[in-house]
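Protein chains in written order, with my numbering: chain A, 114 to 225; chain B, 3 to 117. One structure below.
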Amino acid sequence: DTGVSQNPRHKITKRGQNVTFRCDPISEHNRLYWYRQTLGQGPEFLTYFQNEAQLEKSRLLSDRFSAERPKGSFSTLEIQRTEQGDSAMYLCASSRESSPLHFGNGTRLTVT
Amino acid sequence: DQQVKQNSPSLSVQEGRISILNCDYTNSMFDYFLWYKKYPAEGPTFLISISSIKDKNEDGRFTVFLNKSAKHLSLHIVPSQPGDSAVYFCAATRYHTGTASKLTFGTGTRLQVTL
Chain A
114 DTGVSQNPRH KITKRGQNVT FRCDPISEHN RLYWYRQTLG QGPEFLTYFQ NEAQLEKSRL
174 LSDRFSAERP KGSFSTLEIQ RTEQGDSAMY LCASSRESSP LHFGNGTRLT VT
Chain B
3 DQQVKQNSPS LSVQEGRISI LNCDYTNSMF DYFLWYKKYP AEGPTFLISI SSIKDKNEDG
63 RFTVFLNKSA KHLSLHIVPS QPGDSAVYFC AATRYHTGTA SKLTFGTGTR LQVTL
């Protein structure tokens, strides 16, 4: 169990630029989740995959956000035309069915 | 609308004493509850969970109590140790079809265990 891996750990970008984050889940986990955490708040659900199928999306996930999980392995989260309000910690988690979520260490995004 | 609330942003406890962290929820559809611990610069780590069919679950020094009628749960840590100093998040979900997918988190309580 090597844990959930997220890259990059930190990303600083200018407003209006596109960014992409990657998440590598624990290998035997078929479920993958993206959460966002802002200062002083708990993680907020963004979206969830079972294998390669995206099963649920939060209304927090505007049309500037897109997540993919090709072949049911790693996942990417892309934010287009970033805004300062997108600055947050983006957390990825994975799980088997009926097991608790295992989180990665997150990608901290700063939009200047 | 904050469906899971942790009303104490911080808590300080002496080493060896009991730490009690509280959590309230408003959504009566929630039937599975979890506690996560988070150290700085790390992701949350699962600690303990409880299903709504139970009122207590214990794992070593950690015990979670659930009061469904009050929509309240608490995490007890006995005895508290300096390594327990972290932010603790309460989370809730509907455990339908045998899975726990979307978690709703509280805002966290920062626990400091002093010597």
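We treat Cβ as the ideally placed atom computed from N, Cα and C, and that holds for glycine. Just so we're clear, the structure is a prediction, and the values are computed from it rather than from any experiment.
{"Check": "Tell me, please, whether the CB atom of B/T65 is closer than 7 Å to any CB atom in chain A?", "Outcome": "no"}
{"Check": "Do the segment 7-22 of chain B and the segment 105-114 of chain B touch if we need at least three Cβ pairs shorter than 8 Å?", "Outcome": "yes"}
{"Check": "A/L174 and A/T160 look like a contact to me (Cβ under 8 Å); what is the Cβ gap, rounded to whole Å?", "Outcome": "6 Å"}
{"Check": "In chain order, what residues of the same chain lie with their CB nearer than 6 Å to the CB of B/H74, ignoring the 5 residues before and after it?", "Outcome": "D26"}
{"Check": "For B/Q83, which beta-bridge partners are listed by DSSP?", "Outcome": "For B/Q83, which the question treats as bridged, DSSP gives no partner whatsoever."}
{"Check": "Which runs of the alpha helix (DSSP H) at least 4 residues long sit entirely within the segment 5-84 of chain B? Give them in chain order.", "Outcome": "none"}
{"Check": "If we define contact as Cβ-Cβ less than 7 Å, is A/L204 a contact residue for chain B?", "Outcome": "yes"}
{"Check": "Use the C-beta contact count for B/I55: other C-beta atoms within 10 angstroms, 16 or more gives buried, fewer gives exposed.", "Outcome": "exposed"}
{"Check": "Is any beta-carbon of chain A found at less than 7 Å from that of B/F35?", "Outcome": "no"}
{"Check": "Thinking C-alpha only, which one of A/T133, A/N143, A/N120, A/S118 is nearest A/E210?", "Outcome": "A/N143"}
{"Check": "Could you have a look at A/Q154 and say whether DSSP puts it in helix, strand or coil?", "Outcome": "coil"}
{"Check": "Compute the Euclidean distance between the alpha carbons of A/A99 and B/Q83, then round it to the nearest angstrom.", "Outcome": "Residue 99 of chain A lies beyond the residue range present for chain A, which begins at 114 and ends at 225; the question has no answer from this structure."}
{"Check": "Any Cβ of chain A within less than 7 Å of the Cβ of B/P42?", "Outcome": "no"}
{"Check": "Could you tell me how far apart the beta carbons of A/F216 and B/G45 are, in whole angstroms, since I believe they sit closer than 8 Å?", "Outcome": "3 Å"}
{"Check": "What would DSSP say about B/Q114, mapped onto helix, strand or coil?", "Outcome": "strand"}
{"Check": "Could you check the C-alpha separation between A/N61 and A/R221 for me, to the nearest Å?", "Outcome": "The structure shown does not extend to residue 61 of chain A, since chain A is modelled only from 114 through 225, so no value can be given for it."}
{"Check": "Buried or exposed: where does A/G219 fall if 16 or more other Cβ atoms within 10 Å of its Cβ makes it buried?", "Outcome": "buried"}
{"Check": "Grab me the residues of B/G100's own chain with a C-beta within less than 7 Å of its C-beta, minus the 5 sequence neighbours each way, in chain order.", "Outcome": "Residue placement at B/G100 cannot be trusted, given a pLDDT of 48 that sits under 50; what the coordinates show is reported in the next sentence. Cβ within range, chain order: n/a, list empty."}
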